[in-house]
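Everything in the sequence shown is counted per the numbering used here, starting at 1 for the first residue and increasing by one.
Read the structure below first, then the notes.
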Amino acid sequence: MGLSTAKGINPADLGFFSTLASSGSLGAAGRELGITTAAVSKRLAQIEERLGLSLVNRTTRRMSLTPEGEVYLEHARKILGEIDAMESVLWGSTETPKGLLRVNATLGFGRTQIAPLISEFVKKYPQVDIQLQLSVSPPPITDDLYDVCFRFGHPPDSRTIAKLIAPNRRILVASPNYLKQFGEPKTPNDLIKHNCIGIRQGDEAYGLWRFAKNKTRTKNESTEDVKIRGNLTTNDGEIAVNWALDHQGILLRAEWDVARYLKSGRLIHILTSYHTPDADIYAVFAQRNKTSARVNALIDFVSDALRD
């Protein structure tokens, strides 16, 4: 039985089903594909009829894959990935980036850094369509919801590829008015006496700031953990920075997010002889996208811009 026979697997259905599974519902898949929900349901029914199998459990609001649907999706993604790889081998560096690119980034960084760069990127590559989704925590790239994610820190999942985009360090800052009123801490332990602005993001241990004295960041350096306290906490970095600007306390924040305020003098870098764990910026993508022209073009574009 061939792949294109009436009963069996139609290659044209693989991309459709991958999009459907990633969307989470028939309606969302319809919006993604530019067709009606009824059309999505009809095509899914045709696929299941050809296979003689049920691939999706349907409910009024959500859908889930049957065990057969999980197998179908796994192999569909592998096949689609092989097709992308074959195209890259055939056309190589002469291929013009085009097609849909689903991008994820963290809230503050995505809003202030990635979104403007994407605007410039599509001017250079108008055949690329980009969907940008911002989230508090980076999603599992293996869920196939995104083609590339920009995140802080190396991901733990070995099934993904992580490319270092730019170095990034966290620093302690406070406004001149706050330091004038409450004094400037000289050691990490002095932070216990201060009002520290807390940020709850991702899986990081909340309220625990870790410091090391040696700026060369040796593997065997001793660290000092400080349990900070304060009356202001948020999950939004931009809000936390604004509180620091409003003289509310001491903030531990990525240098890219406060650099302009350090330059203007509205914030002051304190405890400069200590450092905290770095939060380098990575582009993370699945193995199947390692030869994708549009993925690599965007990563190179963002990397060049941030390093500049």
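Yeah, the Cβ is synthetic: ideal placement off N, Cα and C, and Gly gets one too.
Because the structure is a prediction, the values reported are computed rather than measured.
Handout entry: Cβ separation of G237 and R253, assumed to be a contact under 8 Å, to the nearest whole Å
Key = Here residue 237 is taken as the residue at index 237 of the sequence shown, counted from 1. Here residue 253 is taken as the residue at index 253 of the sequence shown, counted from 1. G237 to R253, Cβ: 7 Å. Contact.
Practice task
Could you tell me the distance, in whole angstroms, from the CA atom of I197 to the CA atom of N289?
Solution key: The residue given as residue 197 occupies position 197 in the sequence shown. The residue given as residue 289 occupies position 289 in the sequence shown. So the alpha carbons of these two residues sit roughly 39 Å apart.
Exercise for the section: Would you list the residues sitting across from K227 in a DSSP beta bridge? Expected result: Translated into the one-based positions of the sequence shown, residue 227 becomes position 227. The partner list for K227 (beta bridge, DSSP) reads L208.
Handout entry: Integer Cβ distance of G153 from A38, believed to fall under 8 Å
Key = Here residue 153 refers to the residue found at position 153 when the sequence shown is read from its first residue. Here residue 38 refers to the residue found at position 38 when the sequence shown is read from its first residue. 44 Å between Cβ atoms; not a contact.
Handout entry: Residues near G27 in its chain [Cβ-Cβ closer than 7 Å; skip 5 each side]
Key = In the sequence shown, the residue the question calls residue 27 occupies position 27. Within the same chain, G27 has close Cβ partners T37.
Problem - Contact under 8 Å by Cβ, A283 with I165 - result: The count along the sequence shown starts at 1 and reaches residue 283 at position 283. The count along the sequence shown starts at 1 and reaches residue 165 at position 165. Contact flag set, yes.
Problem - Residue interval of the beta strand (DSSP E) (run including G99) - result: Here residue 99 is taken as the residue at index 99 of the sequence shown, counted from 1. G99 to T106 is the span of the beta strand (DSSP E), which, as asked, contains G99.
Practice task
Please work out which residues of its chain come closer than 6 Å, Cβ to Cβ, to M1, disregarding the five sequence neighbours upstream and downstream, and give them in chain order.
Solution key: As a working note, residue 1 is residue 1 in the sequence shown. Residue placement at M1 cannot be trusted, given a pLDDT of 39 that sits under 50; the coordinates are not used to answer.
Problem - Residues of its chain near K98, where Cβ-Cβ distance is below 7 Å and the 5 sequence neighbours each way are ignored - result: Mapped onto the sequence shown, residue 98 falls at position 98. Taken in chain order, the residues that qualify are Q127, V128 and R294.
Problem - Local Cβ density within 10 Å of P138, reported as buried at 16 or more and exposed below that - result: Taking the sequence shown and counting its residues from 1, the one referred to as residue 138 is at position 138. P138 should be labelled buried.
Exercise for the section: Write down every uninterrupted run of the alpha helix (DSSP H) in the stretch 24-88 whose length is 4 residues or greater and which is fully enclosed by it, in chain order. Expected result: 26-33 and 37-51
Practice task
Mind checking who G198 pairs with in its DSSP beta bridge?
Solution key: Within the sequence shown, the letter at position 198 stands for residue 198. Its beta-bridge partners are T233.
Handout entry: Touch test, the stretch 177-187 against the stretch 261-273, Cβ-Cβ under 8 Å, three pairs minimum
Key = Yes, since at least three Cβ pairs between the stretch 177-187 and the stretch 261-273 fall closer than 8 Å, the two stretches touch.
Problem - S137 in three-state terms, based on DSSP - result: One-based indexing of the sequence shown puts residue 137 at position 137. S137 carries a coil assignment under DSSP once its states are collapsed to helix, strand and coil.
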